[in-house]
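> For the sequence shown, this note's numbering assigns the number 719 to the initial residue and increments by one for each residue that follows.
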Amino acid sequence: MAQSNCTEVTKFSLVGFTEDPVTQVNLFLLFLLTYLVTMLGNLGIIILIRASPHLHSPMYYFLGNLAFVDLCSSTIITPKMLVDLMSEKKSIAYAGCVAQLFLFDVFGITEYFLLASMAYDRYVAICHPLLYPLVLSPKCCFQLVTGSYLMGLTNGVGQTISMSTLSFCSSSTIDLFFCDIAPLISFSTSDTTLSHIILTTAASLFGVSSILGILISYVAIIPTVLSINSAKGKRKAFSACTSCLIAVSILYGACFFMYLFPRSHSSRGTDK
């Protein structure tokens, strides 16, 4: 039950990264440059794939959608973060927090399942090259991408419902630079049992199911790659998988660290 001295919250304060003005300016320039590079890179990938007929293949279809999702994920968080870095008072309206939380969770999980789809694409291309056009048909690719977005949408709706069950004091402060469900749960004044269940279930269900698909695909790829006689062929096959594996390691490592490990106030700085 919410505390009696609390009023309905209309906005949240954001702690951000630091209060040091010089560090804030340096971080602003760093994140602005990173954001611009990310935007231009992803837009370039999308435009190049659409404009080049020889890139209209399943692999680049998945890559184009991944670039779009990455572009959206960056835009949900970064512009607001840049404004806050140059502002004395850092806050976000309750409605804005809900929208940011929903979209972040939608595109976050969508990205995981797109990576799983790309891993399956590599598996078919390397292990069953003759069946590749038949298995990865346009219909199959569309279904895999649509399913990825639906998984993301399901997660976003679930986390938004979770937030709607929480109560907050009017002085609520998020010890982060954007709205995420984990810190919101930590300072809620209401019973957080349901929210914890939804959070843990979503992280386990969506995270584990998608990473299992990735692991199964790459484990199946390894024997085929090792059986290739030429060193050049092996290098080509491994290079086709390396970039995806790096992205998977970073994304899933961050997800499991933030949502499945035991929480403490001292760990918030590490999460940032």
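Each residue gets a CB set at the ideal place from its N, CA and C atoms; glycine is no exception.
Owing to the predicted nature of the structure, the values given are computational and were not obtained by experimental measurement.
Would you report the Cα separation of residue 905 and residue 890, rounded to the nearest angstrom?
7 Å
> Straight-line CA distance for residue 799 to residue 789?
15 Å
> Do residue 913 and residue 899 have their beta-carbon atoms positioned less than 9 Å apart in this structure?
yes
> Are residue 808 and residue 733 touching if we call contact CB-CB under 9 Å?
yes
> On the premise that residue 956 lies in contact with residue 937, defined as a C-beta separation below 8 Å, what is that separation, rounded to the nearest angstrom?
The pair is not a contact, with the Cβ atoms about 14 Å apart (cut-off 8 Å).
> So, with DSSP's three-state summary, where would you put residue 729?
Residue 729: strand per DSSP, three-state reduction.
> Residue 794 by DSSP, collapsed to three states: which one?
Under the three-state reduction of DSSP, residue 794 is assigned to helix.
> Looking at residue 787 and residue 749, is the spacing between their C-beta atoms short of 9 Å?
no
> Buried or exposed: residue 796, going by 16 or more other Cβ atoms within 10 Å of its Cβ?
buried
> Who are the Cβ neighbours of residue 859 in its own chain at under 6 Å, not counting the five residues just before and after it?
776, 779
> Rounding to the nearest angstrom, what Cα-Cα distance links residue 980 and residue 851 in this structure?
Annotation note: pLDDT 48 at residue 980 (below 50); position unreliable, coordinate value reported separately. Roughly 45 Å between the two C-alpha positions.
> Could you give the first and the last residue of the continuous beta strand (DSSP E) run that contains residue 809?
809 to 811
> How far does the alpha helix (DSSP H) with residue 911 in it extend, from its first residue to its last?
911 to 944
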